[in-house]
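The numbering of the sequence shown is the numbering used here, which starts it at 3 and goes up by one. We treat Cβ as the ideally placed atom computed from N, Cα and C, and that holds for glycine. Okay, so here's the structure we're looking at.
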Amino acid sequence: MNLALAQINTLVGDIQGNADLVLVSAREARQRGARLVLFPELTLTGYPPEDLLFRPELDRQVEAQLERIAAELADSGVAVVIGYPRMLDGKRFNAAGLIDGGRLLAEYHKAQLPNFSVFDEKRYFEPGGEPCVAHIDGLRLGLSICEDIWTPQAAAQARAAGAEVLLNLNASPFHAGKAAEREQLLAERARENAMPIVYVNLVGGQDELVFDGGSLLVDASGRPLHRSARFVEALDLISLPIAESRVPEPRVPSPESRSDERADIYQALVLGVRDYVRKNGFQGALLGLSGGIDSALVLTIAVDALGANQVEAVMMPSRYTAQMSNDDAARQARALGVYCRAIPIEPAFVAFQQMLAGEFAGLATDTTEENIQARCRGLVLMALSNKSGRILLTTGNKSEMAVGYATLYGDMAGGFAPIKDVPKTLVYRLANWRNRDGEVIPQRVIDRPPSAELRPDQRDSDSLPDYALLDDILYRYIELDQCRERMVEDGFDPALVARVTRLVDSNEYKRRQAPPGVRISRRAFGRDRRYPISRKI
3 MNLALAQINT LVGDIQGNAD LVLVSAREAR QRGARLVLFP ELTLTGYPPE DLLFRPELDR
63 QVEAQLERIA AELADSGVAV VIGYPRMLDG KRFNAAGLID GGRLLAEYHK AQLPNFSVFD
123 EKRYFEPGGE PCVAHIDGLR LGLSICEDIW TPQAAAQARA AGAEVLLNLN ASPFHAGKAA
183 EREQLLAERA RENAMPIVYV NLVGGQDELV FDGGSLLVDA SGRPLHRSAR FVEALDLISL
243 PIAESRVPEP RVPSPESRSD ERADIYQALV LGVRDYVRKN GFQGALLGLS GGIDSALVLT
303 IAVDALGANQ VEAVMMPSRY TAQMSNDDAA RQARALGVYC RAIPIEPAFV AFQQMLAGEF
363 AGLATDTTEE NIQARCRGLV LMALSNKSGR ILLTTGNKSE MAVGYATLYG DMAGGFAPIK
423 DVPKTLVYRL ANWRNRDGEV IPQRVIDRPP SAELRPDQRD SDSLPDYALL DDILYRYIEL
483 DQCRERMVED GFDPALVARV TRLVDSNEYK RRQAPPGVRI SRRAFGRDRR YPISRKI
């Protein structure tokens, strides 16, 4: 029997549109010889549906589309396994159902509900308890959903109930290194149960999350026999059952050999930007282009995601902007084919200074005046965004977000923050990686010391430690939850550790007001790392 892995890109809440994707994929798979098509977790609602699940009309819409799918595929000769929420006796389950010949033949309820990191499934669902083995064309197929595969019980129960192959529906979000983790896990489960596993994953961007696809087939010994492409939609056919004597050595490269971490992260950033813009109906994107490394990387990501004709760059020089910054920004815009305009902020900055002169009389010049410049730029960019219908992309990185090296209602103003979860040192690595295919980010932008250019001869190092050192401390404090004492034991300067961690703790209020951005780490601000603003610890 030929089985198709339908690695589709759904839109949360678009139940009819997602059902259309099921029908189109099922019919195409049938034309290519498939008997069964496997779809991702919560196919009909998209993932994660969050509090949309509480809307009473959603259950009615799901039921209507289940009936429609069954009816339209009744005489097609193709069966589907799809995911959807199911209400039974006042309880909601995360369900997977086998539909064939116009009927729902089997239904499974997810047993393991993740309630950590970006997942809040216990807020919405009740856990299922019983294994489900579906029978089709003489094959006994165990059904499971995402988190079920991360613990031994569900696979073992399906095997004990007679399953020959385990099907696993997923909406598994990306973070760096996740693909290798999945593959190792599937190999372990397959070996534990002497049972092949078919794993289909969602693909696409959904707000902060990116789902990277990479659907898999592993045999009973844990060998990968098929890997779908990552970060793109796919409809791939595999054959069941797997006759061990006929299984050739798989000719599929491992995740490690296919690409390095930078390639995966960059593709995730591109997909996240593309789908956020597309799924929210914006007319394209714009951003402030300063001649610095962060905005240079964001511009490149935006062009790769949307195309040059959908992206606009704005240079907003001030009295402190170096000529090389203007030159490098203009050069990059030309290299990428992006329309770039220049709007000096000097008139607005002078006007604000004059307006506030009486209020500031007798007070020393400080970061207030620097922040006014950033807010002048934010005002210009938001005005252009309003007029054009293009979303404003902010250009702040994770290192800056962590320590508050950003201006509220200034460079933090915008609708989406592509590199919000990318540390500064990784920004440089991504820029160098992207330039391997031809220089799109001027080398001088990468080489010169970073500066906000809000006062004469300013450098980031005037206010912050060297970024390599800063990012090391931030990684330990944010990603690993190391305490200050542990870092000092590991050789870090006590005063520096105290300063950096104090900055992280005191700037939670800023991070709460930042736009959403692509999650590429295990501990992104917002969905993963949730700290109270008012606290003492």
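On the CB-based measure, 16 or more other CB atoms within 10 Å of its CB, does residue i come out buried or exposed?
{"i": "M357", "result": "exposed"}
{"i": "H177", "result": "buried"}
{"i": "D209", "result": "buried"}
{"i": "C485", "result": "exposed"}
{"i": "I199", "result": "buried"}
{"i": "N434", "result": "exposed"}
{"i": "K538", "result": "exposed"}
{"i": "R436", "result": "buried"}
{"i": "L90", "result": "exposed"}
{"i": "M326", "result": "exposed"}
{"i": "V26", "result": "exposed"}
{"i": "L476", "result": "buried"}
{"i": "V520", "result": "buried"}
{"i": "H137", "result": "exposed"}
Does DSSP classify residue i as helix, strand or coil?
{"i": "S1", "result": "Nothing can be reported for residue 1, as the shown portion of the chain is limited to 3 through 539."}
{"i": "E128", "result": "coil"}
{"i": "I244", "result": "coil"}
{"i": "V520", "result": "coil"}
{"i": "K93", "result": "strand"}
{"i": "Q355", "result": "helix"}
{"i": "V64", "result": "helix"}
{"i": "I17", "result": "helix"}
{"i": "V39", "result": "strand"}
{"i": "D266", "result": "helix"}
{"i": "A72", "result": "helix"}
{"i": "V80", "result": "coil"}
{"i": "F121", "result": "coil"}
{"i": "A231", "result": "coil"}
{"i": "A28", "result": "helix"}
{"i": "I151", "result": "helix"}
{"i": "A404", "result": "helix"}
{"i": "R88", "result": "strand"}
{"i": "Y201", "result": "strand"}
{"i": "R537", "result": "coil"}
{"i": "G360", "result": "helix"}
{"i": "D209", "result": "coil"}
{"i": "A526", "result": "coil"}
{"i": "A136", "result": "strand"}
{"i": "A8", "result": "strand"}
{"i": "G398", "result": "coil"}
{"i": "L2", "result": "Any property of residue 2 remains undetermined from this structure, which presents the chain solely from 3 to 539."}
{"i": "R280", "result": "helix"}
For the beta strand (DSSP E) containing residue i, list its first residue and its last residue.
{"i": "A497", "result": "Counting along the chain, A497 falls outside any beta strand (DSSP E), though it belongs to the alpha helix (DSSP H) covering P496 to S508."}
{"i": "Y110", "result": "R105 to H111"}
{"i": "C342", "result": "Y341 to A344"}
{"i": "D492", "result": "Neither: D492 is in no beta strand (DSSP E) and is coded neither H nor E."}
{"i": "N170", "result": "V167 to N172"}
{"i": "L46", "result": "Premise fails: L46 is in no beta strand (DSSP E) and is neither H nor E."}
{"i": "L218", "result": "L218 to V220"}
Is the separation between the beta-carbon of residue i and that of residue j shorter than 9 Å?
{"i": "A315", "j": "A337", "result": "no"}
{"i": "S241", "j": "L7", "result": "no"}
{"i": "R193", "j": "S223", "result": "yes"}
{"i": "V340", "j": "A385", "result": "no"}
{"i": "L68", "j": "L46", "result": "yes"}
{"i": "T397", "j": "D413", "result": "yes"}
{"i": "P444", "j": "R333", "result": "yes"}
{"i": "L187", "j": "L432", "result": "no"}
{"i": "F542", "j": "V82", "result": "Absent from the model: residue 542. The displayed extent of the chain is 3 to 539, so no value can be given."}
{"i": "N203", "j": "I147", "result": "no"}
{"i": "G206", "j": "L106", "result": "no"}
{"i": "T409", "j": "G380", "result": "yes"}
{"i": "V120", "j": "P175", "result": "yes"}
{"i": "I295", "j": "M317", "result": "no"}
{"i": "R191", "j": "L227", "result": "no"}
{"i": "P420", "j": "I303", "result": "yes"}
{"i": "A163", "j": "Q114", "result": "no"}
{"i": "Y322", "j": "L466", "result": "no"}
Between which two residues does the alpha helix (DSSP H) carrying residue i extend?
{"i": "N195", "result": "K180 to N195"}
{"i": "P154", "result": "P154 to A162"}
{"i": "V382", "result": "T369 to S390"}
Closest Cβ-Cβ distance between residue i and chain C: below 9 Å?
{"i": "M197", "result": "Protein chains in the displayed structure number just one, and chain C is not present."}
Task: Within the region 406 to 485, ranges of the beta strand (DSSP E) (whole runs, at least 3 residues) - done: none
- [ ] Taking only runs that begin and end inside the region 288 to 337, name each unbroken beta strand (DSSP E) of 3 or more residues, in chain order.
- [x] 313 to 317
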